[in-house]
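Chemist:
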Amino acid sequence: MPELPEVETVRRRLEPVLTGRRFERVEISDPRLVRPHEPDEVAAELQGERVASVERRGKYLILRFETDRVLLIHLRMTGSLRHSSAGLDDDPHRRALVKLDDGSDVAYRDVRRFGTWLLLEPGELDAYLAPRLGEEPLDAPFTAARLGQLLARRRAPVKAALLDQRTLAGMGNIYVDEALWRAKIHPLRPAESLEPNELRRLHRAVRTSLEHGLARQGSTLRDYKLPDGASGSMQHEFKVYGRGGEPCDRCATPIAKIRVAGRGTWFCPTCQPEPQAASSSSSVPSRSSRQSSV
DNA sequence: CTTTTTCCCTGGACGC
DNA sequence: TGCGTCCAGGGAAAAA
């Protein structure tokens, strides 16, 4: 499923082929893609727009037009974009098709139809994204201290807090599990309970996990593909995700699977020790756990 | 306010 | 082989 490394990979590949190109013709074949708007109306609005830039924020792909309108694309679970100058094969899961002014095509495919296209007028983007998205985990403002602030006074499991896009924009089920394994933190630990040294480890681990994914063009489990149809290769390097029963790379303990925040969650029971059973004094662990300047 | 649950979708895996 | 059931999960919305 496309998370930050996958969406950023798509962005990097689309940027050179889309920038400066005009949307010659647009077909939206699945009304759900643009709901509650009418597909034909959205397609008509997009026709004639010329791409000024291809950006990303969290898991959103942002096509900014020269008119300052924006097409906000979210791939959700199974969305993918394909670009070709040599025609495209038929695809029963195609939900939209854009013909560019250089004769090439961009096709949007989405088996499970969770993905969305939203056309925003100039100035509407920030108001849309601001309440939904937190820190970009690969950008400079994201520090261990900032992570501490974001997790402070949050009793939810750290895994749930990291999946919340208002904490870190772009983390998903795969990279959260991978980061928690790297940081040696149990997914059920209350977010507010992390000690400063754990926050430093987690900060480091989030970045390392995302950078590894980015370096391998993301992970292709089934549906995610690069715009030229190639697959990512990060799926071969998962430490825990989807590896229940296999030995931990660090200690050989079989990887365990539980359910956290409604998501399949894999971790090493030895490297990522169980949080203390919640007792009467669990809400305020100690003075020392309050971070000040990490 | 925070946190949890439900829902949307389809196809692949699995049991019988 | 064919059917029924479960599972995968991002994020909006509803419920707690």
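Under the numbering used here, the first residue of the first sequence is numbered 3, with each subsequent residue one higher.
Glycine residues also receive a C-beta, built at the ideal position from the N, C-alpha and C atoms.
Since the structure is predicted, the reported quantities are computational estimates derived from the model, not experimental observations.
Report all residues from its chain with a CB closer than 6 Å to the CB of residue 70; omit the five preceding and five following residues, and keep chain order.
Modeler: 124
Chemist: Is the beta carbon of residue 244 closer than 8 Å to that of residue 268?
Modeler: In this structure, residue 268 places its C-beta atom within 8 Å of the C-beta atom of residue 244.
Chemist: Under 8 Å by Cβ, that's how I've got residue 94 and residue 192 pegged, so tell me the actual separation to the nearest angstrom.
Modeler: Not quite, the Cβ-Cβ distance comes to about 45 Å (not below 8 Å), so this is no contact.
Chemist: For residue 172 versus residue 6, is the C-beta distance shorter than 8 Å?
Modeler: Using a Cβ distance threshold of 8 Å, residue 172 and residue 6 count as a contacting pair.
Chemist: Rounded to a whole number of angstroms, what is the C-alpha to C-alpha distance between residue 216 and residue 159?
Modeler: When the Cα atoms are used, residue 216 and residue 159 turn out to be separated by approximately 26 Å.
Chemist: For residue 64, which three-state DSSP category applies?
Modeler: Three-state result, residue 64: strand.
Chemist: Quick check on the DSSP output: the beta strand (DSSP E) that includes residue 226 runs from which residue to which?
Modeler: Element bounds for residue 226: n/a, residue is neither H nor E.
Chemist: Would you give the residue range spanned by the alpha helix (DSSP H) that residue 141 belongs to?
Modeler: No alpha helix (DSSP H) contains residue 141, which DSSP labels as neither H nor E.
Chemist: Just tell me which of 52, 83, 272 has its CA closest to the CA of residue 252.
Modeler: 272
Chemist: Could you check the C-alpha separation between residue 246 and residue 51 for me, to the nearest Å?
Modeler: 48 Å
Chemist: Decide if the stretch 99-106 is in contact with the stretch 175-183; the criterion is three or more beta carbon pairs, one per stretch, under 8 Å apart.
Modeler: Too few Cβ pairs lie closer than 8 Å, so no.
Chemist: Considering only residues of the same chain and omitting the five flanking positions on each side of residue 31, which have a CB-CB separation below 7 Å?
Modeler: 96, 97, 98
Chemist: Who are the near neighbours of residue 196 in its chain, counting only those whose CB is closer than 8 Å to its CB and skipping five residues on each side?
Modeler: 150, 153, 160, 187, 204, 291
Chemist: Please report the distance separating the alpha-carbon of residue 295 from that of residue 141.
Modeler: Reliability of the predicted coordinates at residue 295 is poor, the pLDDT of 38 falling under 50, and the value obtained from them is presented with this limitation in mind. One C-alpha to the other measures close to 19 Å.
Chemist: Please identify the residue among 48, 110, 28 whose C-alpha is closest to the C-alpha of residue 72.
Modeler: 48
Chemist: Once DSSP output is grouped into helix, strand and coil, what is the label at residue 12?
Modeler: helix
Chemist: Using only alpha-carbon positions, find the residue among 90, 148, 223 that is nearest to residue 110.
Modeler: Nearest option by C-alpha distance: 90.
Chemist: Among all the DSSP beta bridges, which residues are the ones paired with residue 30?
Modeler: 98
Chemist: Please name the residue in 121, 166, 143, 207 whose C-alpha comes closest to that of residue 42.
Modeler: 121
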